[in-house]
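So the protein lines, in turn, are chains A and B. One gets the working numbering by counting positions in the first sequence from 1 and adding 88 to each. One gets the working numbering by counting positions in the second sequence from 1 and adding 106 to each.
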Amino acid sequence: GAVVSQHPSRVICKSGTSVKIECRSLDFQATTMFWYRQFPKQSLMLMATSNEGSKATYEQGVEKDKFLINHASLTLSTLTVTSAHPEDSSFYICSARPRGGANTGELFFGEGSRLTVL
Amino acid sequence: AQSVTQPDIHITVSEGASLELRCNYSYGATPYLFWYVQSPGQGLQLLLKYFSGDTLVQGIKGFEAEFKRSQSSFNLRKPSVHWSEAAEYFCAVGAMDTGRRALTFGSGTRLQVQP
Numbered sequence: 089g090a091v092v093s094q095h096p097s098r099v100i101c102k103s104g105t106s107v108k109i110e111c112r113s114l115d116f117q118a119t120t121m122f123w124y125r126q127f128p129k130q131s132l133m134l135m136a137t138s139n140e141g142s143k144a145t146y147e148q149g150v151e152k153d154k155f156l157i158n159h160a161s162l163t164l165s166t167l168t169v170t171s172a173h174p175e176d177s178s179f180y181i182c183s184a185r186p187r188g189g190a191n192t193g194e195l196f197f198g199e200g201s202r203l204t205v206l
Numbered sequence: 107a108q109s110v111t112q113p114d115i116h117i118t119v120s121e122g123a124s125l126e127l128r129c130n131y132s133y134g135a136t137p138y139l140f141w142y143v144q145s146p147g148q149g150l151q152l153l154l155k156y157f158s159g160d161t162l163v164q165g166i167k168g169f170e171a172e173f174k175r176s177q178s179s180f181n182l183r184k185p186s187v188h189w190s191e192a193a194e195y196f197c198a199v200g201a202m203d204t205g206r207r208a209l210t211f212g213s214g215t216r217l218q219v220q221p
């Protein structure tokens, strides 16, 4: 149980285009999803917290107009990188916390999406 | 705010040798603590977690970790390492006071296993 799926796993796009990454909780509902970014050989940095039915909360330094997050349902959150540039190339990982039940703080992670902007 | 320090960026051990990866955290209350492993280009897999009870936690694949409040540490151990366990290991801390916060990750320790 507690599977989180991301799609696409890899995407290459041209500079200036927009890319959407989906994060789905397959067998549980998640009121809260988190989006992380990971540069090569570095740790995961939290970008934003996505709350179902409300606006996302962005971390300091993350441009909300560039990284659009939508959490339209209890099983789906999307991250759209708008007008992508080469410096946006990175590994993006989503995670979700199951709704209800014992709260152990554990997050379940997607497989990650590698974005390459040419 | 919580923070995590993994002092060792890179560790190399021989196959079959024991392993200890260090993790120190900073948090005002009792934290949730986690160890995740990441293979190249992959997502994160949970090895083990601590949130209450016995301070020695057993995880998957023979890993264990011990929560030491006095030292603010949560070191990961394994008695015998297999070559396939070469990967990046992340320690993470979560806040117990609310379940809505994200985890904060350490910088990671890259494990190499020599044959």
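Quick reminder that beta carbons are idealized off the backbone N, C-alpha and C, glycines included.
What's the call for residue i, buried or exposed, on a 16-neighbour Cβ count within 10 Å?
{"i": "T118 (chain B)", "result": "exposed"}
{"i": "W189 (chain B)", "result": "exposed"}
{"i": "A135 (chain B)", "result": "exposed"}
{"i": "P176 (chain A)", "result": "Per the sequence shown, residue 176 (chain A) should be read as Asp rather than Pro. Answer is buried; the Cβ neighbour count reaches 16."}
{"i": "G149 (chain B)", "result": "buried"}
Between the options, which has its C-alpha nearest residue i's C-alpha?
{"i": "G212 (chain B)", "options": "B:Q220, B:H188, B:Q218, B:G200", "result": "B:G200"}
{"i": "C101 (chain A)", "options": "A:Y124, A:A144, A:E140, A:T168", "result": "A:T168"}
{"i": "H116 (chain B)", "options": "B:G122, B:Q108, B:R128, B:A123", "result": "B:R128"}
{"i": "S171 (chain A)", "options": "A:P96, A:S103, A:H95", "result": "A:S103"}
{"i": "A118 (chain A)", "options": "A:H95, A:S161, A:V99", "result": "A:S161"}
{"i": "Y131 (chain B)", "options": "B:E191, B:P185, B:V187, B:R175", "result": "B:R175"}
{"i": "E140 (chain A)", "options": "A:L164, A:Q130, A:G149", "result": "A:L164"}
{"i": "G149 (chain A)", "options": "A:P186, A:A136, A:L206, A:K108", "result": "A:A136"}
Between which residues of its own chain and residue i is the CB-CB distance below 6 Å, once the five residues before and five after are set aside?
{"i": "Q151 (chain B)", "result": "V143"}
{"i": "V91 (chain A)", "result": "L114, D115"}
{"i": "A192 (chain B)", "result": "L217, Q218, V219"}
Would you say residue i lies against chain B (beta-carbon separation less than 8 Å)?
{"i": "I181 (chain A)", "result": "yes"}
{"i": "F122 (chain A)", "result": "yes"}
{"i": "G200 (chain A)", "result": "yes"}
{"i": "F197 (chain A)", "result": "yes"}
{"i": "T137 (chain A)", "result": "yes"}
{"i": "G189 (chain A)", "result": "Reliability of the predicted coordinates at G189 (chain A) is poor, the pLDDT of 48 falling under 50, and the value obtained from them is presented with this limitation in mind. For G189 (chain A), the answer is no, since every Cβ of chain B falls outside 8 Å of its Cβ."}
Counting only the same chain and skipping the five closest in sequence on each side, list residues whose C-beta sits under 7 Å from that of residue i.
{"i": "I181 (chain A)", "result": "Y124, Q126, L132, F197, G198, G200"}
{"i": "Y195 (chain B)", "result": "L127, W141, V143, L182, G214, T215, L217"}
Would residue i count as contacting chain A if we go by Cβ distances under 8 Å?
{"i": "G159 (chain B)", "result": "no"}
{"i": "F140 (chain B)", "result": "yes"}
{"i": "S213 (chain B)", "result": "yes"}
Looking only at its own chain, which residues have a Cβ that is under 8 Å from the Cβ of residue i, when we skip the five neighbours before and after it?
{"i": "Q164 (chain B)", "result": "L154, E170"}
Short-range partners of chain A found in the segment 165-177 of chain B, where Cβ spacing is below 9 Å: none
Residues, ordered as in the chain, of the segment 124-135 of chain A that lie near chain B by beta-carbon distance below 9 Å: Y124, Q126, K129, Q130, S131, L132, M133, L134
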